[in-house]
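A.B. asks: Following UniProt numbering, the numbering of the sequence shown begins with 1 at its first residue and continues without gaps.
After the structure tokens below, expect a handful of questions from me.
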Amino acid sequence: MSSASEDWVGGGAGADTDDTRPQRTRYDVGNNDDMNEDVDYSMIMSYPAEEEDYYALLGLRRTPAPSDAEIRSAYRSLTLSFHPDKQPAELREAAERHFARIQEAYETLLDPKKRVVYDLLGAEGVRREWGAGGAMGRGGEAEMQVGVRAQTPEEFRGWFLETMKRRERKVLNSLVQSRGSLTLGVDASNMIEVDQDAGEVYIHIPSPSLSSYAIRYSFKAPLPTPEVLFGKEEAEDEDEDEAPDGRSPPQKGHSYLEAQGPEISFNAGISGNLRRSFRKMQFQIEDEGIVTRAVPLPLFIAGRDINLGAGISQRFGDVASMKGILAKRPFAFLRDSAFALNAAVLPTPLLQGTIATAVQPIPGTKPFQVNTSAIITNSLIKTPPMLALQVTKEIGERKHAFCSWSSGTISWPDVLQVLFSPIANLGLDTESAVEMTAFVQPSQFQLGFLSVPKQNRNTVVLGDDEDQAAEGEEDEEEAELKQIRRKARSEANAAESWQTVVMASPEGAGLSFTYARNIFNGKAASELARSEWSSEGHYSLPPASEPRCVRVEVRSSVNMDLSLAWNISGTRQVGRFTRVGFGVGVQGGRGLVMTASWSRLGQKIALPVAVCPMDAVNADAAALAVIFPWVAYCALEFGYIRPRERRQRRRAIARRHKQLKRLIPKKKAESQQAIELMAEHVHRRQAREKEQGGLVITKAEYGHYPSPKRWTNNSANVAKDLEIADVTIPVAALVDHGQLVITKDTVKFQILGFYDPAPLLPKKLKIWYTYHGKEHFVEANDSEGIACPMRTHLVG
Numbered sequence: 001m002s003s004a005s006e007d008w009v010g011g012g013a014g015a016d017t018d019d020t021r022p023q024r025t026r027y028d029v030g031n032n033d034d035m036n037e038d039v040d041y042s043m044i045m046s047y048p049a050e051e052e053d054y055y056a057l058l059g060l061r062r063t064p065a066p067s068d069a070e071i072r073s074a075y076r077s078l079t080l081s082f083h084p085d086k087q088p089a090e091l092r093e094a095a096e097r098h099f100a101r102i103q104e105a106y107e108t109l110l111d112p113k114k115r116v117v118y119d120l121l122g123a124e125g126v127r128r129e130w131g132a133g134g135a136m137g138r139g140g141e142a143e144m145q146v147g148v149r150a151q152t153p154e155e156f157r158g159w160f161l162e163t164m165k166r167r168e169r170k171v172l173n174s175l176v177q178s179r180g181s182l183t184l185g186v187d188a189s190n191m192i193e194v195d196q197d198a199g200e201v202y203i204h205i206p207s208p209s210l211s212s213y214a215i216r217y218s219f220k221a222p223l224p225t226p227e228v229l230f231g232k233e234e235a236e237d238e239d240e241d242e243a244p245d246g247r248s249p250p251q252k253g254h255s256y257l258e259a260q261g262p263e264i265s266f267n268a269g270i271s272g273n274l275r276r277s278f279r280k281m282q283f284q285i286e287d288e289g290i291v292t293r294a295v296p297l298p299l300f301i302a303g304r305d306i307n308l309g310a311g312i313s314q315r316f317g318d319v320a321s322m323k324g325i326l327a328k329r330p331f332a333f334l335r336d337s338a339f340a341l342n343a344a345v346l347p348t349p350l351l352q353g354t355i356a357t358a359v360q361p362i363p364g365t366k367p368f369q370v371n372t373s374a375i376i377t378n379s380l381i382k383t384p385p386m387l388a389l390q391v392t393k394e395i396g397e398r399k400h401a402f403c404s405w406s407s408g409t410i411s412w413p414d415v416l417q418v419l420f421s422p423i424a425n426l427g428l429d430t431e432s433a434v435e436m437t438a439f440v441q442p443s444q445f446q447l448g449f450l451s452v453p454k455q456n457r458n459t460v461v462l463g464d465d466e467d468q469a470a471e472g473e474e475d476e477e478e479a480e481l482k483q484i485r486r487k488a489r490s491e492a493n494a495a496e497s498w499q500t501v502v503m504a505s506p507e508g509a510g511l512s513f514t515y516a517r518n519i520f521n522g523k524a525a526s527e528l529a530r531s532e533w534s535s536e537g538h539y540s541l542p543p544a545s546e547p548r549c550v551r552v553e554v555r556s557s558v559n560m561d562l563s564l565a566w567n568i569s570g571t572r573q574v575g576r577f578t579r580v581g582f583g584v585g586v587q588g589g590r591g592l593v594m595t596a597s598w599s600r601l602g603q604k605i606a607l608p609v610a611v612c613p614m615d616a617v618n619a620d621a622a623a624l625a626v627i628f629p630w631v632a633y634c635a636l637e638f639g640y641i642r643p644r645e646r647r648q649r650r651r652a653i654a655r656r657h658k659q660l661k662r663l664i665p666k667k668k669a670e671s672q673q674a675i676e677l678m679a680e681h682v683h684r685r686q687a688r689e690k691e692q693g694g695l696v697i698t699k700a701e702y703g704h705y706p707s708p709k710r711w712t713n714n715s716a717n718v719a720k721d722l723e724i725a726d727v728t729i730p731v732a733a734l735v736d737h738g739q740l741v742i743t744k745d746t747v748k749f750q751i752l753g754f755y756d757p758a759p760l761l762p763k764k765l766k767i768w769y770t771y772h773g774k775e776h777f778v779e780a781n782d783s784e785g786i787a788c789p790m791r792t793h794l795v796g
């Protein structure tokens with residue numbers, strides 16, 4: 001065994017090779033023994049108490065990835081200590097148990113495909129994906145596609161990520177295959193009474209009754225592909241052709257462009273009033289004779305607005321890699337664009353075509369988003385199609401300006417109408433073939449500015465990575481960076497947005513303003529369900545560790561006649577996919593309306609309740625309708641919901657603490673068994689190191705060391721609380737060719753022979769060793785790596 005130079009690596013404790021992969025989670029979640037309410041709940045609940053770290057078990061680094069030779073060498077070395085046939089009878093059972101873990105880790109890391117899945121999903125993920133129904137198991141995706149088992153690790157990683165993304169999308173699509181809404185209008189206009197003479201507002205117990213309804217339903221589905229229409233063989237034959245650029249055809253489920261295939265959508269809706277009619281009937285009453293009275297009949301539904309239509313849409317990516325006519329040069333404008341064609345049968349026949357694309361007049365500048373559409377609603381002999389154009393431009397960070405124009409319904413000039421008259425006389429007028437109801441819409445122009453909220457996920461990634469890189473540095477620059485990150489997180493959590501629009505048309509003009517933000521600290525109410533899979537890897541969702549925000553939105557509009565309409569609404573997420581909301585506003589024709597809503601996965605139920613007629617609405621009634629629900633909700637949020645969530649988290653944390661403490665004796669016993677099994681082999685290796693003047697571990701400890709201040713204040717009690725594990729043998733087993741390397745991404749308590757003596761508390765690894773006969777000492781936190789020998793470790 002050769003010895004190494006004392007400064008063979010350029011760093012001490014914390015030195016490590018460059019690590020470009022995402023940092024692993026650290027588990028130093030407390031600064032004292034007391035249970036702290038500020039402890040990261042999600043980190044505690046995801047603490048890897050029983051999870052195996054195969055790299056730490058074999059004493060291998062994660063980055064850069066170990067070679068097959070290094071994995072085999074580590075396995076052979078551990079076999080000398082843990083093979084059951086080489087152990088006495090009293091240790092054979094323990095050796096079999098440890099050897100089974102080592103063998104499973106070895107077989108997983110040596111198999112390139114299993115190692116890819118292990119790095120993404122852990123040991124349980126490997127068992128699941130190689131089991132029945134998994135991607136690589138019986139009946140899995142690998143059996144349906146030829147060549148997966150012959151792929152290189154890089155190709156397999158890409159295939160597996162795409163497979164998991166498709167599986168996730170399939171599950172989400174099964175949850176959100178349709179969108180529907182149900183609105184039931186309630187008339188309770190006798191709830192609020194306004195005395196105009198006295199200027200007082202009175203609240204009465206309402207006698208509500210259903211007054212209106214609206215039902216909307218829509219769903220999307222992929223357009224039938226050649227595989228469905230002509231069978232799989234023809235589609236597979238087409239895939240055998242080369243791509244236009246000479247590359248091999250994409251594998252099943254892949255494409256050179258991420259654009260989805262054509263989708264077809266259907267939508268239908270109906271709305272109207274719930275009316276009650278009366279029938280006059282004559283009754284014979286004693287002493288009164290025949291009396292005529294109006295008898296109410298059951299409610300009946302009056303349909304007012306019926307919608308029925310369908311549409312097809314297609315997104316284009318890199319058209320250069322497509323086949324057929326779309327690959328030709330004239331169609332280059334379709335690159336990174338979308339096309340939609342919609343048709344409606346009711347309430348009036350309509351055909352609309354839309355193209356959305358990005359235009360970059362000057363290379364290197366931010367493009368304009370251009371959306372053009374044409375709508376045919378009437379006979380083309382009488383009116384041309386209605387044209388619409390919308391242009392959007394980013395003018396600053398998260399700031400956009402847009403303008404839109406619609407031609408509206410206009411008639412052909414008299415000269416053209418004279419020319420078209422022979423066509424109409426020949427019966428070629430489209431209105432003769434299809435009865436088209438006259439549809440008139442005025443021209444319109446809009447100019448607006450909007451600010452979109454800051455994305456929370458970008459801020460989190462920035463903060464986490466920089467916090468890990470800058471840990472332990474308390475200089476002015478770090479304090480300034482932390483302040484900037486804190487401000488960025490605050491802005492992202494608030495998710496503030498606004499929009500101002502000026503509208504003008506021949507019928508009038510108006511101004512509208514919308515403002516929205518999250519209130520109350522916590523998780524964003526508008527946050528969408530995040531995908532766990534991307535082209536880079538897998539990002540599991542942590543347990544929710546904070547309360548939900550409330551998304552408040554204020555809308556107001558003013559017309560030319562100074563008539564004001566406004567609405568204030570709040571939405572709170574009560575589950576991963578479920579949201580509830582409440583709003584108050586003034587609606588023309590209905591007066592003061594309170595609206596309760598519930599939505600989940602595209603399905604929505606709304607209950608608007610009219611509480612005051614329009615002619616009686618004043619500032620006092622509006623203030624009362626807004627303040628009373630607001631005060632009631634604040635009392636519910638801070639008096640019941642948040643205290644209840646805190647109690648639940650505390651109970652969960654307490655249960656987790658108890659579970660981890662109960663595991664300590666078991667893990668300690670396993671650690672002692674492993675140390676006993678490897679002791680003889682390690683002593684022989686250390687003896688050879690000592691003979692050569694190499695690296696000899698004399699002592700190693702791992703555990704929680706209280707701060708010096710606690711030692712001085714209460715040394716007697718703290719001495720009893722010391723939780724230290726002797727890991728001299730396990731650390732010595734990691735010495736290879738006169739060198740000891742423990743990377744910073746290694747969870748130290750998962751190294752073979754280690755255990756966690758103080759779960760959820762910050763721990764240190766202290767190592768005393770000799771090199772060339774000289775005493776050395778080094779210590780490192782859980783988040784730091786260790787490299788020995790180093791001159792900086794020399795004692796004295």
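Glycine residues also receive a C-beta, built at the ideal position from the N, C-alpha and C atoms.
1. Measuring only the C-alpha atoms, how far is D414 from R216?
2. Could you check how far apart the C-beta atoms of S443 and P506 are, in whole angstroms? I think they sit under 8 angstroms.
3. Taking the C-alpha atoms as reference points, what is the distance between Y771 and L677?
4. From what residue to what residue does the beta strand (DSSP E) around E193 run?
5. Given a threshold of 16 other Cβ atoms within 10 Å of its Cβ, counted over all protein chains shown, does K399 qualify as buried or as exposed?
6. Kindly provide the ranges of any beta strand (DSSP E) runs that are 3 or more residues long and lie completely inside the stretch 663 to 717, ordered along the chain.
7. Identify, in the order they occur along the chain, each residue of the same chain with its Cβ nearer than 6 angstroms to the Cβ of Q587, setting aside the five sequence neighbours on each side.
8. Examine the Cβ distances between the stretch 772 to 786 and the stretch 740 to 748 and report whether three or more of them are shorter than 8 angstroms.
9. Which two residues bound the contiguous alpha helix (DSSP H) that contains S373?
10. Determine the closest residue to I192 out of P608, D620, V126, with distance taken between C-alpha atoms.
11. Cβ of Q446 within 7 angstroms of Cβ of S404?
12. On the three-state DSSP scale, how would you describe H538?
13. What does the alpha-carbon distance come out to for the pair A494 and F638?
14. By alpha-carbon positions, which one of H204, D561, V186 ends up nearest to V194?
15. Distance check for R572 and P64, CA to CA, integer angstroms please.
16. In whole angstroms, give me the CA-to-CA distance for I697 and I767.
17. Quick one: what does DSSP say T459 is sitting in, helix, strand or coil?
18. Give the secondary structure of N618 by DSSP, where H, G and I count as helix, E and B as strand, and everything else as coil.
19. How many angstroms separate the CA atom of T392 from the CA atom of L161?
20. Note the first and the last residue of the continuous alpha helix (DSSP H) segment covering H98.
21. Quick one: what's got a C-beta closer than 6 angstroms to K366's C-beta in the same chain, skipping five residues either side?
22. From the DSSP secondary-structure annotation, give me the bridge partner or partners of K393.
23. Take the Cβ of A669 as the centre, count every other Cβ of all protein chains shown within 10 Å, and call the residue buried at 16 or more, exposed below.
24. For the beta strand (DSSP E) containing K165, name the first residue and the last one.
25. Going by DSSP, what residue range makes up the alpha helix (DSSP H) through Y640?
26. How would you call M136, buried or exposed, if buried means at least 16 neighbouring beta carbons within 10 angstroms?
27. Suppose the cutoff is 6 angstroms on Cβ atoms and the five residues either side in sequence are ignored; what does the same chain contact list for L387 look like?
28. Within 10 angstroms of its Cβ, does G10 collect 16 or more other Cβ (buried), or is it exposed?
29. Examine the ligand GDP and report whether any of its heavy atoms sits within less than 6 angstroms of the Cβ of A374.
30. In chain order, what are the residue ranges of uninterrupted beta strand (DSSP E) at least 3 long that sit wholly in the stretch 727 to 790?
31. Just to confirm, are M560 and G602 a CB contact at a threshold of 7 angstroms?
32. Since S77 is in the alpha helix (DSSP H), which residue starts that stretch and which ends it?
33. Measuring straight from C-alpha to C-alpha, what distance separates S209 and Q282?
34. If you run the structure through DSSP and keep just helix, strand and coil, what is V609?
35. With 16 other CB atoms within 10 Å as the buried threshold, where does K280 fall?
36. In the structure shown, what three-state DSSP assignment does V146 receive?
C.D. replies: This is what the structure gives:
1. Residue 414 sits at position 414 when you count from the first residue of the sequence shown. Residue 216 sits at position 216 when you count from the first residue of the sequence shown. Rounded to whole angstroms, the gap between the alpha carbons of D414 and R216 is 41 angstroms.
2. On the sequence shown, position 443 is the one that residue 443 refers to. On the sequence shown, position 506 is the one that residue 506 refers to. That belief holds up - the Cβ atoms of S443 and P506 are roughly 7 angstroms apart, short of 8 angstroms.
3. What you label residue 771 is simply residue 771 of the sequence shown in a count that begins at 1. What you label residue 677 is simply residue 677 of the sequence shown in a count that begins at 1. For Y771 and L677, the gap between their C-alpha atoms comes out near 26 angstroms.
4. On the sequence shown, position 193 is the one that residue 193 refers to. Run containing E193: 192 to 195, per the beta strand (DSSP E) assignment.
5. Taking the first residue of the sequence shown as position 1, residue 399 is located at position 399. By the neighbour-count criterion, in which 16 or more other beta carbons inside 10 Å mark a residue as buried, K399 falls on the exposed side.
6. Runs found: 695 to 704.
7. As a first step, residue 587 must be located in the sequence shown, where it is residue number 587. Leaving aside the five residues that flank Q587 on each side, the residues in its chain whose CB is nearer than 6 angstroms to its CB run, in chain order, V593.
8. Yes: the two stretches touch, three or more of their Cβ pairs being nearer than 8 angstroms.
9. Taking the sequence shown and counting its residues from 1, the one referred to as residue 373 is at position 373. If you look at S373, you'll find it isn't in any alpha helix (DSSP H); it sits in the beta strand (DSSP E) that goes 368 to 376.
10. Working through the sequence shown from its first residue, we reach residue 192 at position 192. Distance from the Cα of I192 is smallest, within the candidate group P608, D620, V126, for D620.
11. Along the sequence shown, read from residue 1 onward, the residue named residue 446 stands at position 446. Along the sequence shown, read from residue 1 onward, the residue named residue 404 stands at position 404. Contact flag set, yes.
12. In the sequence shown, counting from the first residue as 1, residue 538 sits at position 538. In the three-state DSSP reduction, H538 falls in the strand class (E or B).
13. For this step, residue 494 is matched to residue 494 along the sequence shown. For this step, residue 638 is matched to residue 638 along the sequence shown. Going from the Cα of A494 to the Cα of F638 covers about 19 angstroms.
14. Your numbering for residue 194 matches position 194 in the sequence shown. Here the closest residue by C-alpha is H204.
15. Sequence index remark: in the sequence shown, residue 64 carries index 64 (1-based). Sequence index remark: in the sequence shown, residue 572 carries index 572 (1-based). So the two alpha carbons sit approximately 45 angstroms from each other.
16. The residue given as residue 697 occupies position 697 in the sequence shown. The residue given as residue 767 occupies position 767 in the sequence shown. Roughly 7 angstroms separates the two Cα atoms.
17. For this step, residue 459 is matched to residue 459 along the sequence shown. Interpretation of T459 is limited by its pLDDT of 35, a score under 50 that renders its predicted location unreliable; the figure taken from the coordinates is listed afterwards. If DSSP states are grouped into helix, strand and coil, T459 belongs with the helices.
18. Reading the sequence shown from its first residue, position 618 is the one you call residue 618. In the structure shown, the three-state DSSP call for N618 is coil.
19. The sequence position of residue 392 within the sequence shown is 392, counting from 1. The sequence position of residue 161 within the sequence shown is 161, counting from 1. Just so you know, the alpha carbons of T392 and L161 end up roughly 34 angstroms apart.
20. For the purposes of this step, residue 98 is taken as residue 98 along the sequence shown, with counting starting at 1. 89 to 110 is the span of the alpha helix (DSSP H), which, as asked, contains H98.
21. Position 366 of the sequence shown, counting from 1, holds the residue named residue 366. Closer than 6 angstroms at Cβ, skipping near neighbours: E394.
22. The count along the sequence shown starts at 1 and reaches residue 393 at position 393. In DSSP, K393 forms a bridge with F368, A401.
23. Counting from 1 along the sequence shown, the entry for residue 669 is found at position 669. Here A669 is exposed, its C-beta having fewer than 16 other C-beta atoms within 10 Å.
24. Mapped onto the sequence shown, residue 165 falls at position 165. It is not in any beta strand (DSSP E) - K165 instead sits in the alpha helix (DSSP H) that spans 153 to 175.
25. Start at 1 with the first residue of the sequence shown, and residue 640 comes out as number 640. Element bounds for Y640: n/a, residue is neither H nor E.
26. Counting from one through the sequence shown, the residue named residue 136 turns up at place 136. Counting the other Cβ atoms within 10 Å of the Cβ of M136 gives 16 or more, which makes it buried.
27. The residue labelled residue 387 in the question sits at position 387 within the sequence shown. Excluding sequence neighbours, L387 sits near A374, S407.
28. Residue mapping note: residue 10 aligns to position 10 of the sequence shown, counting from 1. Because G10 sits at a pLDDT of 37, beneath the cut-off of 50, its placement in the model cannot be relied upon, and the following sentence gives the value as read from the coordinates. The residue is exposed, with fewer than 16 neighbouring Cβ atoms inside 10 Å.
29. This structure lacks the ligand GDP, and indeed carries no ligand of any kind.
30. Qualifying beta strand (DSSP E) stretches, in chain order: 740 to 742, 764 to 771, 774 to 781, 786 to 788.
31. If you number the sequence shown from 1, residue 560 lands on position 560. If you number the sequence shown from 1, residue 602 lands on position 602. Result no, Cβ atoms of M560 and G602 do not sit closer than 7 angstroms.
32. Here residue 77 refers to the residue found at position 77 of the sequence shown. Per DSSP, S77 belongs to the alpha helix (DSSP H) from 68 to 82.
33. As a first step, residue 209 is located in the sequence shown; it is residue number 209 there, counting from the start. As a first step, residue 282 is located in the sequence shown; it is residue number 282 there, counting from the start. Distance between the alpha carbons of S209 and Q282: 27 angstroms.
34. One-based indexing of the sequence shown puts residue 609 at position 609. Residue state, collapsed to three classes: strand.
35. On the sequence shown, position 280 is the one that residue 280 refers to. With fewer than 16 Cβ atoms within 10 Å of its Cβ, K280 is classed as exposed.
36. The residue given as residue 146 occupies position 146 in the sequence shown. Residue state, collapsed to three classes: coil.
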